[in-house]
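Numbering (our numbering), first residue to last: 17 to 464.
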Amino acid sequence: MKKLLLPLLTLFIANNSVTAQTSEYNKWSVELNGGANKALHNWGEGYNAPFNFLHTNAGVRFMVNSKFGLKASFGYDNLKNGDHSKSFKTDIYRYNLEGIINVGRVLSFEEWTNTIGILLHAGAGYTTFNYGNFPDRNDNAVNIMVGVTPQIRLSNRIALTLDVTAINNFKQAYTWDGSVRPNNNLNASGTVNVDGQTGNVDISVPDPSQKFLKHLNPMLNTTIGVTFYLGNKSTHADWYVAKDEENTEVLEIQNELEEIQNKYNTLEEKLRDTDNDGTPDYLDNCINVPGPIENRGCPWPDADKDGTPDHLDQCPDVAGPKSNHGCPVMEKKDVEQMNSYARTILFNTNQSTFQTQSFLVLDNIVKKMTEFPNTKFNIYGYTDNTGNDKINIPLSDARANAVKNYLVKNGIKADRLTAKGFGSADPIDSNKTAAGRANNRRTEIILK
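Below, the structure is given as structure tokens:
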């Protein structure tokens, strides 16, 4: 193995001398680490060991580029017995060649940090054992290893490292303490008969599972260490970001900024308010005419031009003040005129049907009520004192409702009218004369 490492190192040096002129980063580094080990499985009877804090390793690493590299390393482990183990001491030496993956560059850690990195390493090598209890037992094995190395960049020349590595030795002849591996043969006994002669036979054959277990000799190393970067460049491959990558990042940022600027310009255009009505142009259906945002920037329609928009105007076709919801206000003279009309309505004797001449009066009342579409009225019916209330009240009520029904039939909304009869109550003239009784037989229309 030593003969193999020397030409590999020579090859690295030769390659470095060729590429040194063109490389923009340092490729070589030296690693020194120390920590603990834990040997697993494969102990002799009565032997074991805890975590031993006597592990050290050193390595020389060459990065082919910023993402991949090679490392030649040497490691030493010392195993000693634990509190409940027979006494022993074993020295282990290993020599390895490993491949390196710079996870920090592969996964573009530089996008969020320039001080933290991770290396993955894996490889194979050669292991030798010196068993303190059995100095005459020489043991050698082939190993494979895999590990992960978090890095903290302290400067362009030094990085602090942590490492966890798992190693397995194949064809290790003895246990970790140097004992001979136990003979776990499968034993059997029985009786055989050969040529009429009977006898007992004991049989012992190798356990097939031991062929696998003899190759299962795992060890775990955990270390803390320092990496020294060599070379005359300002940075090492572990932390190098190619200029084209930097340019790509800058270009991506510029494109993002340009996209943001375009979105801003588009938004600014949409938020322009030409008529200054508070509704941006992209929502304004009347860009050049001010109007409320509730009507998408257009003025509310006002059919009667009274200043009360139609959606708030209870009388959209008749002008009126806002105080009366856009409807005309009925003045006192209009109320008196309405009442004078009502008192001239004549009914057939003892009936609630109209005399012919009353229809013109009723039509005038309809016309007047139409002029004031949001007004409401009480229609009261009265009689003279002829007869009694059992007759007069129903009759006066029927006549009041006859007026209401005529008005509704001719376009006045029913919810604007209330009809009621009071009989001979509230006379306005004497019931002692025919003329007085005629005046008392009347209808009145009162503004609510």
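Glycine included, every Cβ here is placed at the ideal spot set by N, Cα and C.
Note that the coordinates shown come from a computational prediction; the quantities given were computed from them, not determined experimentally.
**Request:** Determine the burial state of Asp329: buried for a count of at least 16 other Cβ atoms within 10 Å of its Cβ, exposed for fewer.
**Result:** buried
**Item:** Cα-Cα separation between Thr231 and Lys96, rounded to whole angstroms
**Value:** With the sequence shown as reference, residue 231 is identified as His, and Thr is not the correct amino acid for it. Answer to the nearest angstrom: the Cα atoms are 22 Å apart.
**Asked** Are there 16 or more other CB atoms within 10 angstroms of the CB of Leu202, so buried, or fewer, so exposed?
**Response** Note that Leu202 scores 47 on pLDDT, short of 50, meaning its location in the model is unreliable; the coordinates nonetheless yield the value given after this. Exposed.
**Asked** For the candidate residues Asn404, Ser250 and Tyr147, whose alpha-carbon lies nearest to that of Trp466?
**Response** The chain is shown only over 17 to 464; residue 466 falls outside these bounds and no answer can be derived.
**Item:** Nearest to Asn248 (by Cα), restricted to the options Ile428, Tyr92 and Arg173
**Value:** Arg173
**Request:** Report the option in Asn156, Ile276, Asn112 and Gly194 whose CA atom is closest to the CA atom of Gly148.
**Result:** Gly194
**Message:** Checking the sheet assignment: what are the DSSP bridge partners for Ala55?
**Reply:** Met235
**Request:** Report the residue from Leu178, Glu387 and Glu126 whose alpha carbon sits nearest the alpha carbon of Met346.
**Result:** Glu387
**Prompt:** Under the three-state reduction of DSSP, which class applies to Tyr109: helix, strand or coil?
**Reply:** strand
**Prompt:** In terms of DSSP beta bridges, what is Met79 paired with?
**Reply:** Gly85
**Asked** Based on Cα-Cα distance, which residue from Leu135, Leu267 and Arg121 lies nearest to Thr165?
**Response** Leu135
**Request:** Over the uninterrupted beta strand (DSSP E) stretch that includes Tyr422, give me the two end residues.
**Result:** Per DSSP, Tyr422 belongs to no beta strand (DSSP E); it is in the alpha helix (DSSP H), Asp405 to Lys425.
**Prompt:** Quick one, which of Lys321, Ala441, Asn185 and Cys314 has its alpha-carbon nearest His57's?
**Reply:** Asn185
**Message:** Just verifying my parser: in three-state terms, what is the DSSP assignment at Gly60?
**Reply:** coil
**Prompt:** Ordered along the chain, which non-local residues of its own chain (more than five positions away) have a Cβ less than 6 Å from that of Thr131?
**Reply:** Arg169
**Prompt:** Cβ of Gly75 within 7 Å of Cβ of Thr239?
**Reply:** no
**Asked** Helix, strand or coil for Glu114 per DSSP?
**Response** strand
**Asked** Do you know how far the Cα of Lys286 is from the Cα of Ile462?
**Response** 57 Å
**Asked** Applying the criterion that 16 or more other CB atoms from any shown protein chain within 10 Å of the CB defines a buried residue, is Ala241 buried or exposed?
**Response** As written in the sequence, residue 241 is Gly, which differs from the Ala given in the question. Looking at its Cβ environment, which holds 16 or more other Cβ atoms inside 10 Å, Gly241 is buried.
**Prompt:** Excluding the five sequence neighbours on either side, which residues of its own chain have a C-beta within less than 7 Å of the C-beta of Ala319, listed in chain order?
**Reply:** Asp326, Pro332 and Asp333
**Prompt:** What number of angstroms, rounded off, separates the C-alpha of Asp289 from the C-alpha of Pro389?
**Reply:** 40 Å
**Prompt:** Which residue's Cα is closest to the Cα of Gln167: Glu47, Glu127 and Asn237?
**Reply:** Glu47
**Asked** What whole-angstrom Cβ distance do Ala358 and Glu460 have, given they're in contact under 8 Å?
**Response** 6 Å
**Message:** On the CB-based measure, 16 or more other CB atoms within 10 Å of its CB, does Ser33 come out buried or exposed?
**Reply:** Its pLDDT being 45, under 50, Ser33 is placed unreliably by the model, and the measurement read from it follows with that caveat. Label assigned to Ser33: exposed.
**Close beta carbons around Arg457, own chain, < 6 Å, minus the five adjacent residues each side** = Thr399 and Asp400
**Message:** Tell me which residues share the same chain as Asn156 and place their Cβ nearer than 6 Å to its Cβ, disregarding the 5 neighbours each side in the sequence.
**Reply:** Thr144
**Asked** Where does His100 land, buried or exposed, given buried means 16+ other C-beta within 10 angstroms?
**Response** exposed
**Request:** Grab me the residues of Lys321's own chain with a C-beta within less than 8 Å of its C-beta, minus the 5 sequence neighbours each way, in chain order.
**Result:** Ala335
**Prompt:** What residues in its chain sit with their C-beta under 6 Å from that of Met385, if we drop five residues either side in the sequence?
**Reply:** Ile428
**Cβ-Cβ distance between Asn271 and His71 below 7 Å** = no
**Prompt:** Closest by CA to Thr106, which one among Trp192, Lys349, Phe370 and Val196?
**Reply:** Trp192
**Message:** Quick check on this structure: which residue in Leu362, Gly452, Tyr256 and Asp297 has the alpha carbon closest to the alpha carbon of Leu376?
**Reply:** Leu362
**Asked** If you follow the alpha helix (DSSP H) that Tyr465 is part of, which residue opens it and which one closes it?
**Response** For the chain, the structure presents residues 17 to 464; residue 465 sits outside this window and is missing.
**Item:** Residues that Asn340 bridges to, as DSSP identifies them
**Value:** Paired residues: none, contrary to the question.
**Message:** For Glu275 and Glu127, what's the separation of their Cα atoms in angstroms?
**Reply:** 20 Å
**Message:** Using only CA atoms, which one of Leu178, Met161 and Asp152 lies nearest to Tyr190?
**Reply:** Asp152
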